[in-house]
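Visitor:
Next up, the structure:
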């Protein structure tokens, strides 16, 4: 099952260029994703970070083509191994989803059907994209469960989703995503609902996966600490736009954008114990009727009159982009 | 900020515990259905499902202290918090407020004691009545309890709003018209309106975005200084607890496994569970680390493991851990831990 045009193997797994996804609601146009660009290389983890309503989940849904009306992709390109996904028919897209691009949701019950046994669901997924016997499909399902660290997979295959704990369910969802060894996995807050020790287990699985199969991974989260430990690159979203992107260590050590800096400063462990946390004043703006110019300027310590103009998404340092006209460049160069 | 009110009840200057929990157990059992009752009557042994949510906890909280209560889901931290707040009676054991058992109090005295402890909940929407204006949410309790007269109501509510960092001009609105962070501020204003001395915060910032979370945590710290408050801060987020707490209590499956000053816990945890928990916490300063994961799952509180609850997941488990429950004993001044390894040393 190959795509109409397969790019050279050296290219990035995914390239998102100026993606725009707008929701045409009765109250007005919500620009949930508004000019988002980033690249994910083979075997790398991209951390897509933002607060609620920043558009990070809609970005994920747009890539895999799951945006429902009144939402619509209104511009930009999603290049999967060089092929523009917008140019594919619905049938071709379906061929890709679950096969070469997979998604893991925050709530595993979004993936799992509560009234079907795990084996039924997994065998169905295998046979949807591969012509194999039921027995072989079952074998693959069992292997996938074993791979994500589910003990006694043979027995567990016969269980129903409600018989699993939250962490185990998320593993099953991950195992289903892995069935066809996809080249790209989009994981939307997969560990947010889990306990710390279980989160650690899932993160370990994710790391193994990228190293073993060269899977590219987009890890959508609000948790900077998770991204710090897991990701290679980071893209920070605010009000539908990527405001900063770059190598994860460089960005977290010396952010260019004042929003990224504020976000990092609010993390308790970045502050002296007991001292007041540095905080970003105000709150996230509504995506309806965003003012022109930089959406962060009302909360920004560096805001000036020029910020009323839309700032460009420019490369200020090699491999590091920011959407700001007065980024913290000296600090970043010094770091 | 307007002038700060004095705590309502003058407490002796020596710092005896404000709250003391002695040998507290909380069990939830599911009552048998008809078939099971019938079977039992016919002589079949039917066991009731009993969840040991809190399994023998001792804890004392001194005046002015911030105690962080940490644990994973199902460890009983919320149940313990509710019992401390007086919302839920313990199955066994006693909870003392200023040295007096909550259950021995009655009438006016019981009410007054209960008012002194207030609770702030995780979900700021579910804990606010959607059909009341926020001024009534904040002002109802002090009015009912006679802390404010009708004619002073408006001014009193305004003051509570300002103290929680809310604009009093918004007080005629309903909860759904506020953002998550603002709703949490309303919850805080409501709790403080009855002039408590002790706040139980149950995952009070868990539902908030990082930047809003920082604002609320700062508010908690500011209020602590202004009002001389004592906190029991329940959270699964170790970063938050480390930042805020003077003392940390770690629970696992209904039991306290370790208790120590915050700095000591985060510098050198004693209990293997605490060590595992701390090593799993993602930190913003660690890059590209290899996650390992504590092996195994959190066991069901319906059928907790024998002996030490942590032994099936513990890398140091010995034969003794399977049989004998380790006692929570002092390992250094102010530090307690429940692990058999401490006896060997």
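Chains as they are written, first to last, in UniProt numbering: chain Y, 1 to 335; chain V, 1 to 345. Cβ coordinates follow ideal geometry from the N, Cα and C atoms, glycine included. Since the model is a prediction, treat every value here as computed from it, not as a measurement.
Identify each residue in the stretch 225-243 of chain Y for which the Cβ-Cβ distance to at least one residue of chain V is less than 9 angstroms, and report them in chain order.
Guide: Here the close residues are 225, 226, 227, 228, 229, 230, 231 and 232.
Visitor: Tell whether a beta-carbon distance below 8 angstroms holds between residue 102(Y) and residue 185(Y).
Guide: It is a contact, given that the beta carbons lie within the stated cut-off.
Visitor: Go through its chain and collect everything with a Cβ distance to residue 212(Y)'s Cβ below 7 angstroms, but skip five positions before and after it.
Guide: Hits under 7 angstroms: none found.
Visitor: In whole angstroms, give me the CA-to-CA distance for residue 132(Y) and residue 141(Y).
Guide: The alpha-carbon atoms of residue 132(Y) and residue 141(Y) are separated by roughly 12 angstroms.
Visitor: Kindly give me the distance between the Cβ atoms of residue 245(V) and residue 66(V), rounded to whole angstroms, as I take these residues to be in contact under 8 angstroms.
Guide: That pair is a contact at about 5 angstroms.
Visitor: How is residue 76(Y) classed by DSSP in three states: helix, strand or coil?
Guide: Note: residue 76(Y) maps to strand in three-state DSSP.
Visitor: How about residue 209(V): is its Cβ closer than 7 angstroms to a heavy atom in the ligand SAH?
Guide: Inclusion of the ligand SAH in the displayed structure is not the case, the ligand content being empty and no account of it being possible.
Visitor: Out of 181(V), 164(V), 157(V) and 163(V), state which residue places its alpha-carbon closest to the alpha-carbon of residue 171(V).
Guide: Here the closest residue by C-alpha is 157(V).
Visitor: Under the three-state reduction of DSSP, which class applies to residue 69(V): helix, strand or coil?
Guide: Here residue 69(V) sits in strand by DSSP.
Visitor: How about residue 218(Y) and residue 60(Y): do their beta carbons lie closer than 8 angstroms?
Guide: Yes, the pair counts as a contact, with Cβ atoms nearer than the cut-off.
Visitor: At what residues does the beta strand (DSSP E) containing residue 20(V) begin and finish?
Guide: First-last of the beta strand (DSSP E) with residue 20(V): 17-29.
Visitor: Considering only residues of the same chain and omitting the five flanking positions on each side of residue 281(V), which have a CB-CB separation below 6 angstroms?
Guide: Closer than 6 angstroms at the Cβ level, and outside the excluded window around residue 281(V), lie 238.
Visitor: How would you call residue 26(V), buried or exposed, if buried means at least 16 neighbouring beta carbons within 10 angstroms?
Guide: Buried is the call here.
Visitor: Answer yes or no: do residue 114(Y) and residue 169(Y) have a C-beta to C-beta separation smaller than 8 angstroms?
Guide: No, the Cβ-Cβ distance between residue 114(Y) and residue 169(Y) is not below 8 angstroms.
Visitor: Taking 8 angstroms as the CB-CB cut-off, is residue 209(V) touching chain Y?
Guide: Yes, contact with chain Y.
Visitor: Using the rule of at least 16 other Cβ atoms within 10 Å of the residue's Cβ for burial, across every protein chain shown, is residue 285(V) buried or exposed?
Guide: Label assigned to residue 285(V): exposed.
Visitor: By the DSSP assignment, the beta strand (DSSP E) with residue 321(Y) in it spans what residues?
Guide: That run of the beta strand (DSSP E) goes 320-323.
Visitor: With DSSP run on the structure shown, which of helix, strand or coil describes residue 298(V)?
Guide: Coil.
Visitor: Taking 8 angstroms as the CB-CB cut-off, is residue 60(Y) touching chain V?
Guide: By this cut-off, residue 60(Y) is not an interface position.
Visitor: Give the C-beta separation of residue 249(V) and residue 69(V) to the nearest angstrom, bearing in mind that I take them to be a contact with Cβ-Cβ under 8 angstroms.
Guide: Indeed they touch by this definition, with Cβ atoms about 5 angstroms apart.
Visitor: So is residue 288(V) in contact with chain Y if we call contact Cβ pairs under 8 angstroms?
Guide: So, interface residue.
Visitor: What first and last residue would you give for the beta strand (DSSP E) that runs through residue 118(V)?
Guide: Looking at the DSSP string, the run of the beta strand (DSSP E) that includes residue 118(V) is 117-120.
Visitor: Look at the alpha carbon of residue 9(V) and the alpha carbon of residue 197(V), and state the distance between them as a whole number of angstroms.
Guide: For residue 9(V), the predicted structure reports a pLDDT of 33, less than 50, and the residue's modelled location is therefore unreliable. A value from the coordinates is still provided. Answer to the nearest angstrom: the Cα atoms are 9 angstroms apart.
Visitor: Are at least three pairs of beta-carbons, each pair with one atom in the stretch 87-102 of chain Y and one in the stretch 120-136 of chain Y, less than 8 angstroms apart?
Guide: The stretch 87-102 of chain Y vs the stretch 120-136 of chain Y: in contact.
Visitor: How about residue 181(V): is its C-beta nearer than 8 angstroms to some C-beta of chain Y?
Guide: It does: the Cβ of residue 181(V) has a partner Cβ on chain Y nearer than 8 angstroms.
Visitor: For residue 283(Y), go through chain V and note every residue whose CB falls closer than 7 angstroms to its CB, in chain order.
Guide: Those within 7 angstroms of residue 283(Y) in chain V are 179, 181 and 212.
Visitor: For residue 110(Y), does the count of other Cβ atoms within 10 angstroms reach 16, so buried, or fall short, so exposed?
Guide: Exposed is the call here.
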